[in-house]
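For the sequence shown, the numbering used here begins at 4 and goes up steadily by one.
All C-beta atoms, glycine included, are put in the ideal place defined by N, C-alpha and C.
Since we're looking at a predicted model, the values are computed, not measured.
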Amino acid sequence: MPAPAASSSSSTYHVHNSCTSASNADFYAVARDLERRLSSLRTFLDAAHELLARAKLPCSEFKRCSREIVDLIETGRETLIRAGIKLYRFTSCPPGLLPYKSVYFGLLTVLRHNRHNIEPRIRGTFSFHPTANLCYIATATLLILCETNHRPCSAAAVRAVDPLRNHALGA
């Protein structure tokens, strides 16, 4: 399990350097910066979109960097929880926070597609809830309830999101 930082009340996951190939050197070089940016809600979105793009690696490369990718997603998860975002698919979320929730589920979808490239010992360290078992993460469309001025059951209160195509939810 990644080593938590000792200085804060919530644990922070630190990126390990297990990326060994030359093509992954670039990924590890930016991983520490991504970790810092994923730790702040103010810089989270740009960092999460960058991680989403970088995590789309060939299978062998993803396998080498899976620990770093999981650690970065854990850091992002903690940031979103501290911000009060409920990271369950069917919970309401203020419209201004929907992009954060959407890109987070996009990252989980990348993990789900690559679950066979993540070593079981790393898979066992996930603390994502309710997604501890990546087999249950939706891969196509996620329904996210958002707060609106509409009745809760109206079509305007539910948006279908494809996390790999549309991360902003407003479009």
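Check: residue 50 C-beta below 7 Å from any heavy atom of the ligand SAM: The ligand SAM is absent from the structure shown, which contains no ligands of any kind.
Selected residue, minimal CA-CA separation from residue 122, among 62, 97, 66 and 30: Of the listed residues, the one whose Cα sits closest to residue 122 is 66.
Limits of the alpha helix (DSSP H) - the one that residue 102 falls within: Run containing residue 102: 101 to 116, per the alpha helix (DSSP H) assignment.
Close-in-space but distant-in-sequence residues of the same chain around residue 53 (CB under 7 Å, 5 per side omitted): Within the same chain, 37 come within 7 Å of residue 53 by CB-CB distance, once the 5 residues on both sides are set aside.
Cβ neighbours of residue 142 in the same chain (closer than 8 Å, five flanking residues each side left out): Residue confidence for residue 142 is low, a pLDDT of 34 falling below 50, so the modelled location carries little weight; the figure read from the coordinates is stated next. Hits under 8 Å: 112, 115 and 116.
Of the listed residues 40, 43, 64 and 90, nearest to residue 109 (C-alpha basis): Looking only at 40, 43, 64 and 90, the smallest Cα-Cα distance to residue 109 is reached by 90.
Sufficient close CB pairs (3 or more, under 8 Å) joining the stretch 79 to 88 to the stretch 35 to 50: Contact between the stretch 79 to 88 and the stretch 35 to 50 is present, with at least three C-beta pairs closer than 8 Å.
Length of the line joining the Cα atoms of residue 72 and residue 29: Roughly 13 Å between the two C-alpha positions.
Where residue 122 sits in the DSSP three-state scheme: In the structure shown, residue 122 sits in coil (DSSP, three-state: anything other than H, G, I, E or B).
Extent of the continuous alpha helix (DSSP H) to which residue 42 belongs: Neither: residue 42 is in no alpha helix (DSSP H) and is coded neither H nor E.
Residue 68 to residue 78 span [Cα, whole Å]: Their backbone Cα atoms lie some 16 Å apart in a straight line.
Assigned secondary structure, residue 86 (DSSP; H/G/I helix, E/B strand, else coil): Taken through DSSP and simplified to helix, strand or coil, residue 86 comes out as coil.
Selection from 63, 62, 48 and 59 that minimises the alpha carbon distance to residue 80: Comparing Cα positions, the closest option is 48.
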